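Under the UniProt record's numbering, the first residue of the sequence shown is numbered 1, with each subsequent residue one higher.
Structure, as structure tokens:
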Amino acid sequence: MKVGKIYVVGFGPGSEEHITTRAIYALQHSDYIIGYKTYVDLIEHLVTAKSIVSTGMTEEVSRAQEAVKQAEAGHTVSVISSGDSGVYGMAGLVYEVLIEKGWTEENGIGVEIVPGISAINSCASLLGAPVMHDACTISLSDHLTPWKVIEKRIEAAAMADFVIALYNPKSGRRTRQIVEAQRILLKYRSPDTPVGLVKSAYRDNQRVVLTNLAEMLEHDIGMLTTVIIGNSSTFFYDNKIITPRGYQRKYTLGEEKQSLKPHQRLKKEAEPWALEQEKEAATSTEREAKKKTSSLNMALMAVAMVTKTKIDHPLIVQQPLEQIFEFAVSPGVANKFITPEQMRLLAEIISEQGSLEYTPDHRFIVKLSTEEPDVIVEKLKQNGLMVMPIGDVLNVKACDFCYGEKAESIPYAEEIAEQLGGLKLPKELHIGFNGCGMACYRAVFDDIGIVYRKKKFDLFIGSKPVGRTAHAAQPVAEGIEPENLLPLLTRIINEYKENAHPNERLFKYFKRVKRIQDFIYHDMSSKIEVEPAPCGD
Ligand code: SAH
Numbered sequence: 001m002k003v004g005k006i007y008v009v010g011f012g013p014g015s016e017e018h019i020t021t022r023a024i025y026a027l028q029h030s031d032y033i034i035g036y037k038t039y040v041d042l043i044e045h046l047v048t049a050k051s052i053v054s055t056g057m058t059e060e061v062s063r064a065q066e067a068v069k070q071a072e073a074g075h076t077v078s079v080i081s082s083g084d085s086g087v088y089g090m091a092g093l094v095y096e097v098l099i100e101k102g103w104t105e106e107n108g109i110g111v112e113i114v115p116g117i118s119a120i121n122s123c124a125s126l127l128g129a130p131v132m133h134d135a136c137t138i139s140l141s142d143h144l145t146p147w148k149v150i151e152k153r154i155e156a157a158a159m160a161d162f163v164i165a166l167y168n169p170k171s172g173r174r175t176r177q178i179v180e181a182q183r184i185l186l187k188y189r190s191p192d193t194p195v196g197l198v199k200s201a202y203r204d205n206q207r208v209v210l211t212n213l214a215e216m217l218e219h220d221i222g223m224l225t226t227v228i229i230g231n232s233s234t235f236f237y238d239n240k241i242i243t244p245r246g247y248q249r250k251y252t253l254g255e256e257k258q259s260l261k262p263h264q265r266l267k268k269e270a271e272p273w274a275l276e277q278e279k280e281a282a283t284s285t286e287r288e289a290k291k292k293t294s295s296l297n298m299a300l301m302a303v304a305m306v307t308k309t310k311i312d313h314p315l316i317v318q319q320p321l322e323q324i325f326e327f328a329v330s331p332g333v334a335n336k337f338i339t340p341e342q343m344r345l346l347a348e349i350i351s352e353q354g355s356l357e358y359t360p361d362h363r364f365i366v367k368l369s370t371e372e373p374d375v376i377v378e379k380l381k382q383n384g385l386m387v388m389p390i391g392d393v394l395n396v397k398a399c400d401f402c403y404g405e406k407a408e409s410i411p412y413a414e415e416i417a418e419q420l421g422g423l424k425l426p427k428e429l430h431i432g433f434n435g436c437g438m439a440c441y442r443a444v445f446d447d448i449g450i451v452y453r454k455k456k457f458d459l460f461i462g463s464k465p466v467g468r469t470a471h472a473a474q475p476v477a478e479g480i481e482p483e484n485l486l487p488l489l490t491r492i493i494n495e496y497k498e499n500a501h502p503n504e505r506l507f508k509y510f511k512r513v514k515r516i517q518d519f520i521y522h523d524m525s526s527k528i529e530v531e532p533a534p535c536g537d
């Protein structure tokens with residue numbers, strides 16, 4: 001006997017162009033098409049099925065049962081849902097009916113879920129790009145879900161700043177839910193939050209309304225409407241609703257232009273606020289280089305191709321953005337003690353939302369949201385704390401000079417920190433400064449190690465400070481006169497800054513060029529072979 005099959009088909013929003021090829025295949029190869037009458041009418045012209053079973057909207061269970069019955073009799077059946085059949089559609093229900101009968105994939109009829117474009121996507125496309133970022137769908141129908149649960153989900157989604165697509169927002173009978181939803185959302189989101197109402201997307205009576213959270217109920221919302229609510233950074237532009245791809249701009253100290261590290265954040269060119277930097281590119285070569293890479297320009301080129309007009313001025317989108325301020329803080333280059341007042345100040349500045357992370361190089365990394373970075377830096381400095389940028393910059397760390405007993409060389413360390421600390425480099429670089437030959441703060445394991453000995457300095461370059469093939473730095477000079485130390489370091493740093501590849505740590509640079517200043521490279525890595533093991537492996 002022929003084994004039957006059920007396709008559970010999502011046919012998309014309703015227009016023929018938006019049905020997938022697989023969905024059409026399923027419909028055309030089915031003996032039966034089963035679905036809600038309105039939906040069957042939408043796809044009827046596409047199919048040649050012998051029998052079409054259209055039922056009322058509330059008869060979902062009987063539709064699923066009918067489908068299973070026909071498939072068990074050896075027929076091929078398509079059960080149809082609008083949008084995606086797995087999003088408030090028939091897919092789950094068909095499985096539930098099958099499970100009740102003890103069905104398994106191995107022994108039972110065939111089941112294929114054919115995905116379709118769900119309303120969140122079809123409606124979003126008509127509004128602009130309102131989804132873009134983390135989003136969720138919530139059905140306001142309390143027909144099968146207790147209102148308490150729905151309420152809780154709205155609250156959680158509102159609180160967590162999700163873009164929200166409300167399905168089944170309102171019907172003739174259910175009118176209170178959308179009012180309640182609005183009330184909850186307004187607890188967490190501004191009344192101006194962009195809201196899109198899309199009725200019958202890609203169908204004959206399509207209607208698109210742009211409104212906001214405060215005014216959304218003044219418009220017609222019904223059974224065929226999807227309500228899309230923006231997050232806190234969603235904005236209107238030219239009759240569209242746009243949500244940027246990220247909404248935290250991070251910035252650090254000492255950089256005029258705030259670059260965004262790829263592993264920490266979204267790529268600069270992919271972020272709308274990068275549009276602003278476009279204008280500011282300093283040189284014409286820089287401008288040209290940016291023109292090629294920025295997503296804005298790709299977008300502008302696409303627009304120009306379509307409209308055959310050249311747009312000279314990038315569209316600048318201004319919006320308030322939450323700023324995440326990142327910096328390192330420590331009690332000083334040599335000082336390793338932090339006072340209760342300093343701790344209290346840090347706690348107060350960081351408050352509930354910020355974070356304070358202790359790092360292997362004796363400092364805290366602070367991350368917090370603020371509009372006043374300068375005020376914060378000033379307060380910390382006034383309280384004797386040292387504030388430094390983080391990222392690919394030069395960082396100086398010194399030993400504690402035996403709690404100050406061997407304090408002679410501290411001024412040199414401080415001067416190095418003052419002159420070179422925070423300098424932007426191709427890759428992070430640590431200078432370790434130790435006050436005696438014991439080198440117990442492990443200066444020789446830093447990118448550059450300096451050891452004070454007999455009133456002079458020994459210099460070490462090019463350790464590999466991390467990884468399974470870590471190794472100490474190479475001793476390159478002994479007995480450097482104090483007055484020569486800073487000039488020499490400055491030359492080394494400048495050479496590295498000018499010539500290293502982006503992301504090339506000092507030891508790699510030294511190994512590649514074989515010579516820094518007058519110092520010749522010697523391989524300091526052990527000859528023991530170990531397998532490379534990147535983080536997480
Ligand atoms: N399976 C469907 C959702 C069914 S629930 C899907 O994935 O899209 C029914 C709800 O979906 C409606 O109340 C409406 O909110 C939304 N919806 C479905 N099709 C729509 C369309 N063409 N335009 C706007 N909203 C639609």
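All C-beta atoms in this analysis are idealised placements derived from N, C-alpha and C, irrespective of residue type, glycine included.
Please read all numbers here as calculations on a predicted model, not as lab measurements.
Any non-hydrogen atom of the ligand SAH within 8 Å of residue i CB
{"i": "residue 172", "result": "no"}
{"i": "residue 204", "result": "no"}
{"i": "residue 125", "result": "no"}
{"i": "residue 226", "result": "yes"}
{"i": "residue 555", "result": "Lying before the first or after the last residue shown, residue 555 is absent from the chain, which here runs from 1 to 537."}
{"i": "residue 149", "result": "no"}
{"i": "residue 128", "result": "no"}
{"i": "residue 84", "result": "yes"}
{"i": "residue 494", "result": "no"}
{"i": "residue 239", "result": "no"}
{"i": "residue 122", "result": "yes"}
{"i": "residue 87", "result": "yes"}
{"i": "residue 35", "result": "no"}
{"i": "residue 216", "result": "no"}
{"i": "residue 93", "result": "no"}
{"i": "residue 199", "result": "yes"}
{"i": "residue 328", "result": "no"}
{"i": "residue 26", "result": "no"}
{"i": "residue 543", "result": "Because the chain here runs from 1 to 537, residue 543 falls outside it and cannot be looked at."}
{"i": "residue 166", "result": "yes"}
{"i": "residue 78", "result": "no"}
{"i": "residue 14", "result": "yes"}
{"i": "residue 10", "result": "yes"}
{"i": "residue 74", "result": "no"}
{"i": "residue 132", "result": "no"}
{"i": "residue 386", "result": "no"}
{"i": "residue 119", "result": "yes"}
{"i": "residue 343", "result": "no"}
{"i": "residue 116", "result": "yes"}
Whole-Å CB distance - residue i paired with residue j, under 8 Å assumed
{"i": "residue 452", "j": "residue 409", "result": "4 Å"}
{"i": "residue 415", "j": "residue 486", "result": "6 Å"}
{"i": "residue 366", "j": "residue 337", "result": "Not a contact, Cβ separation roughly 19 Å."}
{"i": "residue 40", "j": "residue 63", "result": "Actually they are not in contact, since the Cβ atoms of residue 40 and residue 63 sit about 11 Å apart, beyond 8 Å."}
{"i": "residue 201", "j": "residue 13", "result": "4 Å"}
{"i": "residue 71", "j": "residue 34", "result": "Going by Cβ atoms, the distance from residue 71 to residue 34 rounds to 10 Å, so no, they are not a contact pair."}
{"i": "residue 323", "j": "residue 371", "result": "6 Å"}
Run of the alpha helix (DSSP H) containing residue i, from where it starts to where it stops
{"i": "residue 5", "result": "Not the alpha helix (DSSP H): residue 5 falls in the beta strand (DSSP E), residues 5–10."}
{"i": "residue 159", "result": "147–159"}
{"i": "residue 364", "result": "Residue 364 -> not in any alpha helix (DSSP H); beta strand (DSSP E) instead, spanning 364–369."}
{"i": "residue 377", "result": "373–382"}
{"i": "residue 343", "result": "340–350"}
N- and C-terminal bounds of the beta strand (DSSP E) containing residue i
{"i": "residue 461", "result": "456–461"}
{"i": "residue 478", "result": "474–480"}
{"i": "residue 445", "result": "It is not in any beta strand (DSSP E) - residue 445 carries neither H nor E in the DSSP assignment."}
{"i": "residue 546", "result": "Here the chain has residues from 1 to 537 only, and residue 546 is not among them."}
{"i": "residue 137", "result": "135–139"}
{"i": "residue 390", "result": "Looking at the DSSP string, residue 390 is not in any beta strand (DSSP E), and its letter there is neither H nor E."}
{"i": "residue 36", "result": "32–36"}
{"i": "residue 164", "result": "163–167"}
{"i": "residue 178", "result": "Per DSSP, residue 178 belongs to no beta strand (DSSP E); it is in the alpha helix (DSSP H), 176–188."}
{"i": "residue 538", "result": "The question about residue 538 has no answer here: the residues shown for the chain are numbered 1 through 537."}
*Would you mind listing the beta strand (DSSP E) stretches within the segment 415–442 that are 3+ residues and don't spill past its ends, in chain order?*
429–434, all fully within the segment 415–442.
*Ranges of the alpha helix (DSSP H) found wholly within the segment 63–121, counting only runs of at least 4*: DSSP runs (the alpha helix (DSSP H)) wholly in the segment 63–121: 91–100.
*Considering only residues of the segment 195–246, which uninterrupted beta strand (DSSP E) runs meet the minimum length of 3 residues and lie entirely inside it, listed in chain order?*
Given a length threshold of 3 residues, each whole run of the beta strand (DSSP E) inside the segment 195–246 is given here in chain order: 207–212 and 225–229.
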